[in-house]
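Under this note's numbering, think of the first position of the sequence shown as 414, with each following residue one higher.
Each residue gets a CB set at the ideal place from its N, CA and C atoms; glycine is no exception.
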Amino acid sequence: MASVAGPARIRVCDVHIGARDEAVTLRAVITAVSSTLELDEVLAGVVDIATEATGCHACLIYLVDGDRLVLRAASPVHSRFVGEIEMSFDEGVTGWVARNKQPAFIRDDALHDPRMRYFPELEEERWQSMAAVPVTARAGDVIGVIVLHTVAPREFDDGVLNFLVHTASLV
C-alpha cells in the first residue's frame with residue numbers, strides 16, 4: 414500500500430488551536446475535512462488538529478483495508494510508518510476498538526493492557542496513556558480508528574472524548 418502522508422506534510426488547516434476552544438477546534442476539523450478530496454491531506458489535517466487540540470504526543474489514523482487496519486496518517490514522530498503498519502481486527506487495542514465499535518481509554522501503563530499489541534517501530538514503551546475511537550460510516554460499519562498517545566499518564570476527560578467522537582464522525 415502506498416504511503417499517503419509522509420514526512421513532507423501538507424497542512425490543510427492552519428488554525429491555531431492553542432486555546433482549546435471546542436467550537437474553534439471542530440470548525441478546524443470541518444475545514445480540514447471539506448478542504449479537499451485528497452484523503453491523505455484530509456487525514457494529515459485531522460492528525461495535526463487532534464494532536465494540537467488534545468495536547469497529546471502522537472495521533473495515528475488507521476483505515477480499514479479489506480480485513481486489515483492500515484496506518485494511513487500519523488504525527489511526524491510516526492509518519493515514516495504510514496502504509497507499513499497494519500493489523501487485523503483481532504489485534505491490539507486498535508483492533509478491539511474496530512471490532513467492538515467502542516472507544517477505549519487507557520490511563521496509564523498502556524503497554525501492559527491485555528488488548529495491546531506491541532509495535533517496536535512505534536516505540537510504544539514511551540507511551541503511557543492511549544485513547545482510541547472508531548470511525549464509522551453512515552451505515553454504522555467501522556472504516557477506521559483514531560488513536561492518541563501520551564508520554565505521561567493521563568485521564569482523558571469528557572472534552573477529549575467528545576472531541577474525538579465528533580472528529581471521527583466528521584471523517
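Here P547 is near A511, since their CB atoms are less than 8 Å apart. H525 sits in a helix when the DSSP states are folded into three classes. Taking L482 as reference, the option from G458, A550, T507, V455 with the minimal CA-CA separation is T507. Taking 8 Å as the cut-off, the beta carbon of V560 is found no closer than this to the beta carbon of A550.
Annotation: P516 to E497 spans about 24 Å, alpha carbon to alpha carbon. For R528, the CB contacts under 6 Å within the same chain, skipping 5 residues up- and downstream, are V506, W509 in chain order. Remark: C-beta atoms of E538 and F494 do not approach each other more closely than 8 Å.
Counting along the chain, no beta strand (DSSP E) covers D480, and no H or E run does either. Judged by DSSP in its simplified three-state form, S501 adopts strand.
Its chain contains M500, E504, G505 as the residues whose beta carbon lies nearer than 7 Å to that of R530, once the 5 sequence neighbours on both sides are disregarded; these appear in chain order. For V564, no alpha helix (DSSP H) segment is defined, and its DSSP state is neither H nor E. N513 is the residue among N513, L577, S488 whose C-alpha sits nearest the C-alpha of G553.
In this structure, C469 lies away from V460, with their beta-carbon atoms at least 8 Å apart. Straight across, the Cα-Cα distance linking S542 with H525 is about 11 Å. Ranked by Cα distance from L476, the options E536, L577, L456, L574 are led by L456.
One thing to note: T467 has its Cβ no nearer than 8 Å to the Cβ of V555. Counting other Cβ atoms within 10 Å of its Cβ, V558 reaches 16 or more and is therefore classed as buried. DSSP, reduced to helix, strand and coil, places S492 within a helical segment of the structure shown.
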